[in-house]
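>
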Amino acid sequence: MDKDEKKELSKTFSPGDVEKKLYHFWEKEGLFKPKPGKTGKTFCIIMPPPNVTGILHMGHALDAATQDILTRYKRMKGYETLWLPGMDHAGIATQSVVEKKIYEEEGKFRHDYKRDEFIKKTWEWKEHHGGKIQKQQRALGVSCDWDYSLFTMDSEANKAVNKAFVDMYNEGLIIQSDYIVNWDPELQTAISDAEVEYKELKGAYYHIKYQIKDGSNFLIVATTRPETLLGDTAVAVHPEDKRFKKYIGQKAIVPLCQREVPIIADAHVDTTKGTGCLKVTPGHDFNDFEIGKRHGLEIINILNKDGTLNEYGLEWQGLSALETRKSIVEKLVELDLLEKQEEVIHQVGHGERSHAVVEPMVSKQWFVKTKEMARLAIKVVEQEKVRFFPRNWENTYFSWLREPKDWCISRQLWWGHRIPIFNCKSCSHQWAQEEIPSQCPKCQSQNPIQDPDVLDTWFSSALWPLSTLGWPIESKMEEKGFSKFYPSSVLITGHDIIFFWVARMVMMGLKHTQEIPFHHVYIHAIVRDKYGRKMSKSLGNGIDPLQTCDQYGADSLRFTLAAGSGYNRTIDLDPARIEGYRNFINKLWNAFRFIYPFLSKASKDIVIDDLDHQDRWILSELNTVINKMNESFDEYRFDDSCAAIYQFTYSKFCSWYIEFSKPILYGDNLTQQKMRATVLKHCFKKMMALLHPIAPFISEEIWQYIKDDHNEALITTEYPKYEKSQIFEQDQLEMNQFIEVSTKIREMRQNIGLSPKKEIKIEIFTDQQDFCRYIEKNVRFLSGITKSSEIKISQKSSRKPKQSIMAATSFCEIFIPLDRVINLKEEIIRLKKEISKTETDFKKFEKKLSNQNFIEKAKEEVVFSTKEKAAKFLARLESLKKNLNNLK
RNA sequence: GCUCGUGUAGCUCAGUGGGAGAGCACCACGUUGACAUCGUGGGGGUCACAAGUUCAAUCCUUGUCACGAGCACCA
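Heads up: the first sequence runs through residues 562 to 1449, numbered per this note's numbering.
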């Protein structure tokens, strides 16, 4: 990576080629790999695996940028750093993609294939079309160790899944049960509660008459799903409800199917809702299922797997639930059994993937009993063994875990980890086993049949912190450094999967290793468009990260995302901001272009004793930024990091230090030149290192020009450390005074509309010796900045020039004599305005100081600083007033 | 219904018990040899509202209003 020193630098930074070149360089040199560092400590991030079907969107970009920033920071800080990437097999999503493909290409359905053929096709799809996202991630500069990459369906991951399942099964934590689940009739599988999305739909309450058996009366029940009456096995009323108490124990007749069902009393019934009478359908309603269990009711399943009615559907058999509903309502009207119908908007569950209306249905499924695991998972967060950043997200975590429901883990799919449960055809023995057995351990017969279902994708995801590091295979754990990297340092993800994933990883980690899976959880924001709307395909408001990188460069995008992420919940991404930070990147490039020709003059090290006051000032400012960067990274406050380096670059380094350097570098004092080149280079190196975690490309690119050691890459260079010995307070104070005076003069010039080319004379009056000396030393800089031909410094008591405008600071008075007659009236107005402003400021403090309570009760340092401030404003005020009088 | 969050400049957001901030946008002027993807200067806010605690409240407490998110319920 040597540079030709004489190479001409382009006027603007062009990220395209640089990014590809540098990424290749880092990867080829193995710089993403964990290597023991200075601290002897390790740092590890396990990447949340993106779906194999996915393509990169802004959420991923933020996810990746955040992780990469921390990884690069810690690597430079001297940690042995591993960022471990991977991909998720995304059971339902992937299977759907492949099903769609074979339907489009061959007109065939999944069941037209044998299971193993279909799975083979899916693997083929994965090899050819899947995993695009891993290539796309590189464009962002992610510094993960690709050699560690794991796919959740790899055999290693499968080992982890089987081991965990078998252990939990043998412990009784995984059970099979007939239970009511959310059934997705399109995908024809059970899905978990978390995979159900509720959408508002128009519907109606149908008030239906149920005849009491003795013929005496009707009970009216209200329902939004009248078709489920075909599965009714009771009518329930509240035990204390006076209206219906007398019917308890009697029988009612379910309309249409004429089923005779008991009228039962159950406290679940809310007397204020509906009619106060509840039809009970244990086969197709979650609450009814519980009521059914309490009362030992029969469970009738009226649906087929595809959501059509089965043999219990009578004349409606084969119709969909919705068709049946319409037809049944018509029939009820015909029989005068529908009392009324009122329109209502209600929440209806839809499958997250298929978007089909979910039907609650009873079926045989596998469940993880989560109660005890959840208890332990709560404890580790309460005890701060696992810490959330920002902290309030632990509420979300707790709220889920404090009322744990058993987790339905079986899916009636083909693509996924097959449940390692075997049933013996001969003796009906059921057992769990990690490897496929050849015979039944009980009766030795040769025909064990494996359970057909696969596991919920989140089951393998929950084991991700373990499986990625080789668990449970000992040789793999050794090879991958399990003992070094587990528990990992920080998990970085969005808040939408705190319970899907974070909670389950903690539960599984504790279960299988008796150890937390990670120390910190940093929850980053959700990226939205500039109006705060979700980025979505249907709105067409998505911003493509790859296109953004092409247009502005990855550094600009990364910087924008980092600058937008503190502890906030959303980032409203406006492309104009990316452009703004592109300008910042370009600014850096041009600042470098300025010092580039002088690099050869620079010495390797700075010698503190040789520094002038400007150098001491910039070093002080530099160290202040270094401190800020370290602190903010450690607290995941990337917004602060960005603000700090941005502010330093523009307002300190470029605006002042470079401007100061021009007369020196273009002058003829070679010693000064050498010193200045040295400090400029020193600063630039530190700046590049500071910036590297956020904007790795431009910083590494520039580094290749300014590095001293030829084999050194910035990515593995030590991160700047705060050095108190390089804070020079006196120089900071003096420089701030200098800046104040310069700004005042520029302000005065513009106020009276002087052309920027017009040269002026300046007279400064002050009694402060330090300041006086400083100005004298820096007179040529001041005249350059203010375009003045002559600067005169006198005692405050000296005679003031006539025909001039003036301004005051707390430590000096500035006069600009004008060769033309000034507009006295205007100048008086201007001064009066300034006086009144200063007076307001002064009075604020004076008032405080005159308050006896304040003097007595406020902290001493507050009183002191208030006095100081009051004095400062007073000094300025008096200068202004006196000079106003002179003017009159 | 419960929980959490948010209300600060035109926009996006920092912030602190003690003089209201940044970036962008806006206005004016300007091509001095790093940069017009630039520079210099400027305007702009009852810190949602009300009460309380305090010497002092944008910040703490309580309430109100508005907005957002999640969960639950949905006969």
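Beta carbons are placed, not taken as given, at the ideal position from N, Cα and C, and that holds for glycine.
Given the structure is predicted, the values throughout are model-derived calculations rather than measurements.
1. Determine the DSSP secondary structure at glycine 1055, reduced to helix, strand or coil.
2. By a C-beta neighbour count over all protein chains shown, 10 Å radius and 16 as the cutoff for buried, is glutamine 926 buried or exposed?
3. DSSP three-state label for proline 595, please.
4. Quick check on isoleucine 752: does DSSP put it in helix, strand or coil?
5. Where does cysteine 1215 sit, in a helix, a strand or coil, going by DSSP?
6. Could you work out which residue in Tyr1218, Arg1237, Trp1217 is closest to leucine 1226 when comparing CA atoms only?
7. Helix, strand or coil for arginine 820 per DSSP?
8. Tell me the DSSP secondary structure of alanine 1431 in three-state form.
9. Keeping to the same chain, check which residues put their C-beta closer than 7 Å to that of phenylalanine 1403; ignore five residues upstream and five downstream.
10. Mapping DSSP to helix, strand and coil, what is threonine 869?
11. Does the beta-carbon of glycine 879 have 16 or more other beta-carbons within 10 angstroms, so that it is buried, or is it exposed?
12. Of the residues Ala797, Lys774, Ala938, which one's Cα is nearest the Cα of serine 782?
13. Looking only at its chain, what residues have a beta carbon closer than 7 Å to the beta carbon of valine 727, apart from the 5 residues adjacent to it on each side?
14. Between which two residues does the beta strand (DSSP E) containing glutamine 737 stretch?
15. Are the beta-carbon atoms of methionine 1451 and leucine 1024 separated by less than 8 Å?
16. In this structure, does DSSP put asparagine 984 in helix, strand or coil?
17. On the three-state DSSP scale, how would you describe serine 1097?
18. Can you tell which of Leu1241, Glu1220, Gln1108, Phe1194 has its C-alpha closest to the C-alpha of leucine 1172?
19. State the beta-bridge partners of cysteine 605 as determined by DSSP.
20. Return the chain-ordered list of same chain residues with a C-beta closer than 7 Å to the C-beta of threonine 603, the five sequence neighbours on each side being excluded.
21. Report all residues from its chain with a CB closer than 7 Å to the CB of leucine 898; omit the five preceding and five following residues, and keep chain order.
22. By the three-class DSSP mapping on this structure, what secondary structure does threonine 632 have?
23. Measure the Cβ-Cβ separation of leucine 1448 and isoleucine 1375 and say whether it is below 8 Å.
24. Using 8 Å as the threshold, is the region 1316–1324 in touch with the region 1384–1401, meaning 3 or more CB pairs across them?
25. Please report the distance separating the alpha-carbon of alanine 813 from that of asparagine 848.
26. Who does arginine 948 pair with in a DSSP beta bridge?
27. Report buried or exposed for leucine 875, applying the criterion of at least 16 other Cβ atoms within 10 angstroms of its Cβ.
28. Where does alanine 795 sit, in a helix, a strand or coil, going by DSSP?
29. What is the DSSP secondary structure of serine 1021, counted as helix, strand or coil?
30. Going by beta carbon distance, what residues of the same chain come within less than 6 Å of isoleucine 1084, once the five residues before and after it are set aside?
31. I need the DSSP call for cysteine 1244, collapsed to helix, strand or coil.
32. Per DSSP, what kind of secondary structure is valine 782 in: helix, strand or coil?
33. Would isoleucine 825 pass as a contact of glutamine 811 if the rule is Cβ separation under 8 Å?
34. In terms of alpha-carbon separation, which member of Lys635, Trp1178, Lys763 lies closest to cysteine 705?
35. Just the Cα atoms here: how many angstroms apart are threonine 1304 and tyrosine 958?
36. Taking all protein chains shown into account, decide if threonine 1121 is buried (16 or more other Cβ within 10 angstroms of its Cβ) or exposed.
In short:
1. strand
2. buried
3. coil
4. strand
5. helix
6. Arg1237
7. coil
8. helix
9. Ala1431, Phe1434, Leu1435, Leu1438
10. strand
11. exposed
12. Residue identity differs from the one stated: residue 782 is valine in this sequence, not serine. Ranking Ala797, Lys774, Ala938 by Cα distance to valine 782 puts Ala797 first.
13. Pro981, Ala993, Gln994, Glu995
14. 735–745
15. With the chain running from 562 to 1449 in the structure shown, residue 1451 is simply not present.
16. strand
17. coil
18. Leu1241
19. Leu643
20. Tyr640, Glu641, Lys1045, Phe1046
21. Ile769, Lys770, Pro816
22. helix
23. no
24. no
25. 20 Å
26. His1081
27. exposed
28. strand
29. helix
30. Trp954, His1056
31. helix
32. strand
33. no
34. Lys635
35. 52 Å
36. buried
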